[in-house]
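**Q** Throughout, the numbering used here is defined as the position within the sequence shown, counted from one, plus 443. Just passing along the structure, written as structure tokens.
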Amino acid sequence: MPAVGRSAAFFDLDKTVIAKSSALAFGRPFYRDGLISRRDVIKGAYAQLLFRVGGGSDEQTMAKTRDYLAALVKGWRAEQVRQIVRETLEELISPYIYAEAVLLIEEHRAAGRDVVLVSTSGDEMVRPIGEQLGVTDIIATRMVIGDDGRYTGDLDFYAAGPNKVVAVKELATERDYDLATCFAYSDSVTDAGLLSLVGHPTAVNPDRGLRKIAIERSWPMLTFRHPIPLARRLRERPAVPVTAAAIGVGVGLAIAFALYSKHRRTKAAITAA
Numbered sequence: 444m445p446a447v448g449r450s451a452a453f454f455d456l457d458k459t460v461i462a463k464s465s466a467l468a469f470g471r472p473f474y475r476d477g478l479i480s481r482r483d484v485i486k487g488a489y490a491q492l493l494f495r496v497g498g499g500s501d502e503q504t505m506a507k508t509r510d511y512l513a514a515l516v517k518g519w520r521a522e523q524v525r526q527i528v529r530e531t532l533e534e535l536i537s538p539y540i541y542a543e544a545v546l547l548i549e550e551h552r553a554a555g556r557d558v559v560l561v562s563t564s565g566d567e568m569v570r571p572i573g574e575q576l577g578v579t580d581i582i583a584t585r586m587v588i589g590d591d592g593r594y595t596g597d598l599d600f601y602a603a604g605p606n607k608v609v610a611v612k613e614l615a616t617e618r619d620y621d622l623a624t625c626f627a628y629s630d631s632v633t634d635a636g637l638l639s640l641v642g643h644p645t646a647v648n649p650d651r652g653l654r655k656i657a658i659e660r661s662w663p664m665l666t667f668r669h670p671i672p673l674a675r676r677l678r679e680r681p682a683v684p685v686t687a688a689a690i691g692v693g694v695g696l697a698i699a700f701a702l703y704s705k706h707r708r709t710k711a712a713i714t715a716a
């Protein structure tokens with residue numbers, strides 16, 4: 444991956460770098476410490492499910508999710524949230540970081556690119572995860588904190604959908620990135636705008652909506668399957684060739700699908716006989 448000019452690689456977090464939802468991962472300790480009720484846990488999980496299955500890309504859905512988040516955290520002490528994240532990060536996040544993502548981040552760094560995490564989750568969650576990966580550049584949701592140290596229920600910035608595009612454009616202008624040489628990785632159709640912004644978009648573990656777009660636009664796709672705990676990653680370099688996980692689109696995908704279908708039909712005929 445030779446670096447050309449000032450360039451960066453932008454990574455979505457959930458299901459792209461880690462094998463779970465970062466926000467939902469902290470639901471249990473938030474519940475344990477009395478920040479949320481059992482009803483909030485169930486409602487949050489259900490909302491996340493609908494968001495991912497349905498794509499959640501329309502403005503109305505994102506607005507509802509934003510308003511729900513703001514109302515949920517109102518009155519929470521920001522320092523308590525940071526402390527909970529620090530204390531539970533090793534248990535809830537570290538074992539679920541994809542080895543393939545870690546290797547890809549290292550390759551971009553070796554090529555001289557900046558690495559930026561771009562996530563809808565709160566900055567209080569995303570930044571410590573970034574620190575574990577050696578990533579200090581973060582674009583995440585920021586909530587307003589009052590003079591009493593508690594969240595006011597207002598959002599300073601909601602890092603979702605089109606807002607990610609705005610934030611990345613601003614950072615590119617600030618640092619003089621050539622977006623045509625930049626890379627971006629995401630699993631969600633909600634990040635189609637972000638992927639379209641750079642010269643090298645890649646769909647990672649894409650949902651149904653993003654897979655369709657990737658096929659239509661001939662974007663490469665990657666499948667990440669190997670979350671490895673941090674302690675093990677420090678002992679051994681991940682032996683997972685990222686390039687080998689790439690799935691060609693267009694003609695290659697069509698041929699693979701045709702061969703698979705033929706194999707299934709042949710197997711069915713043999714079974715029936």
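From the three backbone atoms N, C-alpha and C, an ideal C-beta is built for every residue, glycine too. All values reported here derive from a predicted model rather than from experimental measurement.
1. Assign D510 to one of two classes, buried (16 or more other C-beta atoms within 10 Å of its C-beta) or exposed (fewer than that).
2. In its own chain, which residues sit with a C-beta less than 6 angstroms from the C-beta of A602, not counting the 5 before and 5 after it?
3. Quick one: what does DSSP say A451 is sitting in, helix, strand or coil?
4. Taking only three categories from DSSP, how would you classify I479?
5. In the region 608-651, which residue ranges form an unbroken alpha helix (DSSP H) of at least 4 residues, counting only runs that do not cross its ends?
6. Verify whether the separation of the beta carbon atoms of L647 and D634 is less than 8 angstroms.
7. With a CB to CB cut of under 8 angstroms and the five nearest residues on each side skipped, what residues in its chain are close to R475?
8. What's the gap between the Cα of P605 and the Cα of V528?
9. Just the Cα atoms here: how many angstroms apart are V587 and P649?
10. Looking only at its chain, what residues have a beta carbon closer than 6 angstroms to the beta carbon of A466, apart from the 5 residues adjacent to it on each side?
11. Less than 7 angstroms between C-beta atoms, sequence neighbours within five positions excluded: which residues of the same chain meet that for A514?
12. Roughly how many angstroms lie between the CA atoms of K612 and P538, to the nearest whole one?
13. Can we count L478 as close to the ligand HEM, meaning its CB is less than 7 angstroms from some heavy atom?
14. Leaving out five residues before and five after Q575 in sequence, what residues of the same chain have Cβ atoms less than 8 angstroms from its Cβ?
15. Taking the straight line between their C-alpha atoms, what separation do you get for R618 and S480?
16. By the DSSP assignment, the beta strand (DSSP E) with A583 in it spans what residues?
17. Look up F494 in the DSSP assignment and say whether it is helix, strand or coil.
18. Comparing alpha-carbon positions, which option in V632, W662 and I656 lies nearest P644?
19. Out of G470, A521, V545 and E530, point me to the one whose CA is closest to D455's CA.
20. Measure from the alpha carbon of G518 to the alpha carbon of each residue in H551, M664, L478 and R556, then state which is nearest.
21. Apply the 10 Å Cβ neighbour rule to L653 and answer buried if 16 or more other Cβ atoms are within range, or exposed otherwise.
22. Tell me F667's beta-bridge partners as DSSP assigns them.
23. Using the Cβ count rule (16 or more neighbours within 10 Å means buried), how would you classify T459?
24. To the nearest angstrom, how far is the alpha carbon of V608 from that of A452?
**A** Per the coordinate set shown:
1. Burial state of D510 is exposed, judged by a 10 Å Cβ sphere holding fewer than 16 other Cβ atoms.
2. T563, I582, A583 and T584
3. strand
4. coil
5. 635-640
6. Sequence check: residue 647 is Val here, not Leu. It is not a contact, given that the beta carbons lie outside the stated cut-off.
7. none
8. 27 angstroms
9. 32 angstroms
10. S564
11. Closer than 7 angstroms at Cβ, skipping near neighbours: G596.
12. 32 angstroms
13. By its list of ligands, the structure shown contains no ligand whatsoever, and the ligand HEM lies outside what it can speak to.
14. The residues are L532, I536, S537, I540 and L673.
15. 43 angstroms
16. D580 to I588
17. Reliability of the predicted coordinates at F494 is poor, the pLDDT of 47 falling under 50, and the value obtained from them is presented with this limitation in mind. If DSSP states are grouped into helix, strand and coil, F494 belongs with the helices.
18. Of V632, W662 and I656, the residue nearest in Cα terms is W662.
19. V545
20. L478
21. buried
22. Partner(s): none; F667 has no beta bridge.
23. Per the 10 Å Cβ criterion, buried.
24. 14 angstroms
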